[in-house]
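Below is one structure; the comments refer to it alone.
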Amino acid sequence: MDVSGKVLLVNYWAEWCKPCREEIPVLNQLADGNNNIVVVGVNFDNLPIAEIQKQADKLGITFPVLVAEPQGRWGQEKPEVLPSTFIIGTDGRWHKTLVGPQDRDDFISALNL
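Position one of the sequence shown corresponds to residue 2 (our numbering), numbered consecutively onward.
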């Protein structure tokens with residue numbers, strides 16, 4: 002997955018998290034509708050690969066879901082609140098974390114698009 006020159010949204014989700022489930026269609030739209038944004042998910046519960054895929058399919062997630070925990074890469078702790086989304090700029094650096102449910106306008110505003 003090539004993310005160079007793109008904004009990366011790293012979204013932490015769990016099947017049991019109702020606000021996470023509500024965000025997924027918006028994240029799918031962002032992932033599918035903008036060539037300057039890459040959306041990836043991280044399952045909060047650190048489940049086995051097969052279970053993550055099963056849950057992602059059940060929830061209708063169309064963006065890639067990472068198996069390995071990535072937060073240390075940007076000097077951030079694993080979120081304690083779901084949903085949480087890290088915004089990684091085109092420079093590859095962490096810029097902000099969105100905590101709690103976001104709608105499309107919230108994401109667009111945070112991305113300055």
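Just so you know, even glycine gets a beta-carbon here, dropped at the ideal spot from N, CA and C. Quick caveat: nothing in here was measured; it's all calculated off a predicted structure.
For residue i and residue j, which I take to be in contact (beta-carbon distance under 8 Å), what is that distance rounded to the nearest angstrom?
i: Pro84; j: Trp14; result: 6 Å
i: Thr91; j: Gly34; result: Contact flag wrong, Cβ pair sits at about 18 Å.
What residue range does the alpha helix (DSSP H) around residue i cover?
i: Val1; result: Look at the range of the chain in this structure, 2 to 114, and you will see that residue 1 is not part of it.
Residue i and residue j: beta carbons closer than 8 Å?
i: Ile38; j: Leu112; result: yes
i: Leu60; j: Arg22; result: yes
Determine the extent of the beta strand (DSSP E) in which residue i is found, giving its start and end residues.
i: Phe45; result: Neither: Phe45 is in no beta strand (DSSP E) and is coded neither H nor E.
i: Leu10; result: 8–14
Just to check, is the beta-carbon of residue i closer than 7 Å to a non-hydrogen atom of the ligand COA?
i: Asp92; result: As presented, the structure is devoid of all ligands, the ligand COA included, so that no description of it is given.
Less than 7 Å between C-beta atoms, sequence neighbours within five positions excluded: which residues of the same chain meet that for residue i?
i: Phe108; result: Val27, Leu31
i: Val11; result: Val41, Val43, Pro71, Thr86, Phe87, Ile89
Output the distance between the C-alpha atoms of residue i and residue j, rounded to the nearest integer angstrom.
i: Lys19; j: Gly73; result: 26 Å
i: Ser110; j: Glu81; result: 23 Å
Leaving out five residues before and five after residue i in sequence, what residues of the same chain have Cβ atoms less than 8 Å from its Cβ?
i: Arg94; result: Trp75
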